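Undergrad:
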DNA sequence: GTTCATGCAAAGATTTTGCAAGCTG
DNA sequence: CAGCTTGCAAAATCTTTGCATGAAC
């Protein structure tokens, strides 16, 4: 496997279409949000989203960001992952190709791991499995080189 | 594998010894904390700890609970896991038998999974792996029966 | 025009920090 | 007794909620 960033599940248009079909109004902010997530290769914290959006909307408020993140998560457009530093969001991956991720601790980019450990895990008869989480953390090629360069100087 | 609760790594005495050897003072509260974690089969949220401790110490303050949880985590006595509902703590498992857990979503008890998915995961040459997380969530035998019984009534 | 979205302010919830008083070793 | 611990209070985060104004359909 080579280190190519994870390909995106949705385009801006897809996201807007899903929101619209659910009766949500398509505001400028939501279009910008769709654009942001469609173009972001990694996980974004609410603060990241707020800062990005703030560039375009001077009077932006944090609660609107949260509300929209929640709505998009409920629609299945975004998925939420809990890191030690707090929750982060990224586009939800298609379900039909279930997989896990390697996540760069520096830039947040994700890379797919196609094999699922549950296949090897023998489920005991008396434990009813509901869900699982498998995440690998480290540094991607670019960030590792950056760090090495910084250490030298 | 059968569903026997995970055996404990430390006894109360072990925990007290570790704290003492690190120069920490052994207060009543810390003894009670050691007892609580030595006897708890599952993960505990700070609030759980606060409520349990509060039974014995009327003027207990939340910040002391947090401080002690942090200290015990730094000593390696406790391990912290981030759930959707917030952080939780349990006794740290011995390192020499690296493994993962099945975690009951109802009672928080954990059951060991002895095989580690990293053995099967081919690490790409250009991604430097630092750590990984593999957790399986579901319901243990007891809690599953409880739920089934509740659904019938 | 009706309904939903937004900004503002305020409230909640969780976790951390400074400081004086008390306890441990 | 010296220094770590604790409780109290306050602060710092992070997230949610109520309400009036404004925008989308």
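Chains as they are written, first to last, in my numbering: chain A, 32 to 184; chain B, 32 to 184. Note that beta-carbon positions come from the ideal geometry of N, C-alpha and C, so glycine has one too. Being a predicted model, the structure only gives us computed values, none of them experimental.
(1) From this set, 95(A), 155(A) and 78(A), which residue's C-alpha is nearest residue 60(A)'s C-alpha?
(2) Could you check what DSSP says for residue 61(B) in three-state terms: helix, strand or coil?
(3) Residues in the same chain with beta-carbon distance under 7 Å from residue 57(B), minus the five sequence neighbours each way, listed in chain order, please.
(4) Using a Cβ-Cβ distance cut-off of 8 Å, determine whether residue 163(B) contacts chain A.
(5) Any beta-carbon of chain B closer than 8 Å to the one on residue 159(A)?
(6) Please state if the CB of residue 160(B) and the CB of residue 169(A) are separated by a distance shorter than 8 Å.
(7) Can you tell me where the alpha helix (DSSP H) with residue 185(A) in it begins and where it stops?
(8) Got a sec? Which residues, its chain only, sit under 7 Å from residue 136(A) by beta carbon, not counting five neighbours each side?
(9) In its own chain, which residues sit with a C-beta less than 7 Å from the C-beta of residue 9(B), not counting the 5 before and 5 after it?
(10) Measure the beta-carbon distance from residue 131(B) to residue 166(B) and round it to whole angstroms, keeping in mind my assumption that it falls under 8 Å.
(11) Could you confirm whether any beta carbon from chain A is found closer than 8 Å to the beta carbon of residue 102(B)?
(12) Taking Cβ positions only, does residue 38(A) come closer than 8 Å to chain B?
(13) Quick one: is residue 54(A) buried, meaning 16 or more other Cβ sit within 10 Å of its Cβ, or exposed?
(14) Between which two residues does the alpha helix (DSSP H) harbouring residue 83(A) extend?
(15) Under the assumption that residue 129(A) contacts residue 107(A) (Cβ atoms under 8 Å), give the Cβ distance between them as a whole number of angstroms.
(16) Cβ closer than 8 Å: which chain A residues qualify as neighbours of residue 168(B)?
(17) Measuring CB to CB, does residue 149(B) end up less than 8 Å from residue 163(B)?
(18) Near residue 91(B), what residues of its chain come up, given a Cβ to Cβ distance below 6 Å and the 5 sequence neighbours on each side ignored?
(19) Rounded to whole angstroms, how far is the Cβ of residue 75(A) from the Cβ of residue 121(A), which I believe are closer than 8 Å?
(20) Rounded to the nearest angstrom, how far is the Cβ of residue 104(B) from that of residue 113(A), given a contact under 8 Å?
(21) I'd like to confirm the pairing. Which residues does DSSP put opposite residue 167(B) in its beta bridges?
TA: In brief:
(1) In the first chain, counting from the first residue as 1, residue 60(A) sits at position 29. Residue 60(A) has its Cα closest to that of 95(A), out of 95(A), 155(A) and 78(A).
(2) Translated into positions along the second chain, residue 61(B) becomes position 30. Looking at residue 61(B) - three-state DSSP - the assignment turns out to be helix.
(3) Stepping through the second chain from its first residue, residue 57(B) is reached at position 26. Closer than 7 Å at the Cβ level, and outside the excluded window around residue 57(B), lie 47, 50 and 51.
(4) Your numbering for residue 163(B) matches position 132 in the second chain. Yes, residue 163(B) counts as interfacial toward chain A.
(5) Along the first chain, one-based indexing puts residue 159(A) at 128. Yes, contact with chain B.
(6) Counted from its first residue, the first chain places residue 169(A) at position 138. Counted from its first residue, the second chain places residue 160(B) at position 129. Cβ distance < 8 Å, so residue 169(A) and residue 160(B) count as in contact.
(7) Because chain A in this structure spans residues 32 to 184, residue 185(A) falls outside the shown range and cannot be described.
(8) Translated into the one-based positions of the first chain, residue 136(A) becomes position 105. Around residue 136(A): 168, 169 and 170.
(9) Chain B is shown only over 32 to 184; residue 9(B) falls outside these bounds and no answer can be derived.
(10) Translated into the one-based positions of the second chain, residue 131(B) becomes position 100. Translated into the one-based positions of the second chain, residue 166(B) becomes position 135. With 8 Å as the limit, residue 131(B) and residue 166(B) qualify as a contact, their Cβ atoms being about 7 Å apart.
(11) Taking the second chain and counting its residues from 1, one reaches residue 102(B) at position 71. Residue 102(B) does not count as touching chain A.
(12) As a working note, residue 38(A) is residue 7 in the first chain. Confidence in residue 38(A) is poor, its pLDDT being 48 and thus under 50, which makes the residue's placement unreliable; the coordinate value appears in the next sentence. So no, residue 38(A) is outside the interface.
(13) Taking the first residue of the first chain as 1, we reach residue 54(A) at position 23. With fewer than 16 Cβ atoms within 10 Å of its Cβ, residue 54(A) is classed as exposed.
(14) Sequence index remark: in the first chain, residue 83(A) carries index 52 (1-based). Here the alpha helix (DSSP H) through residue 83(A) covers 77-87.
(15) Within the first chain, numbered from 1, the residue matching residue 129(A) stands at position 98. Within the first chain, numbered from 1, the residue matching residue 107(A) stands at position 76. Residue 129(A) to residue 107(A), Cβ: 15 Å. No contact.
(16) Here the question's residue 168(B) lines up with position 137 in the second chain. Near residue 168(B) (Cβ distances below 8 Å), the residues of chain A are 160, 161, 162, 163 and 164.
(17) On the second chain, position 118 is the one that residue 149(B) refers to. On the second chain, position 132 is the one that residue 163(B) refers to. Yes. Within cutoff.
(18) On the second chain, residue 91(B) is found 60 positions in, with the first residue counted as 1. The beta carbon of residue 91(B) sits closer than 6 Å to the beta carbons of 84 and 85 from its chain, once the five residues preceding and following it are set aside; these are given in chain order.
(19) What you label residue 75(A) is simply residue 44 of the first chain in a count that begins at 1. What you label residue 121(A) is simply residue 90 of the first chain in a count that begins at 1. The C-beta distance from residue 75(A) to residue 121(A) rounds to 7 Å, short enough to fall under 8 Å.
(20) Taking the second chain and counting its residues from 1, the one referred to as residue 104(B) is at position 73. Taking the first chain and counting its residues from 1, the one referred to as residue 113(A) is at position 82. Wrong, their Cβ atoms sit about 17 Å apart, outside the cutoff.
(21) Counting from 1 along the second chain, the entry for residue 167(B) is found at position 136. Answer is 163(A) and 133(B).
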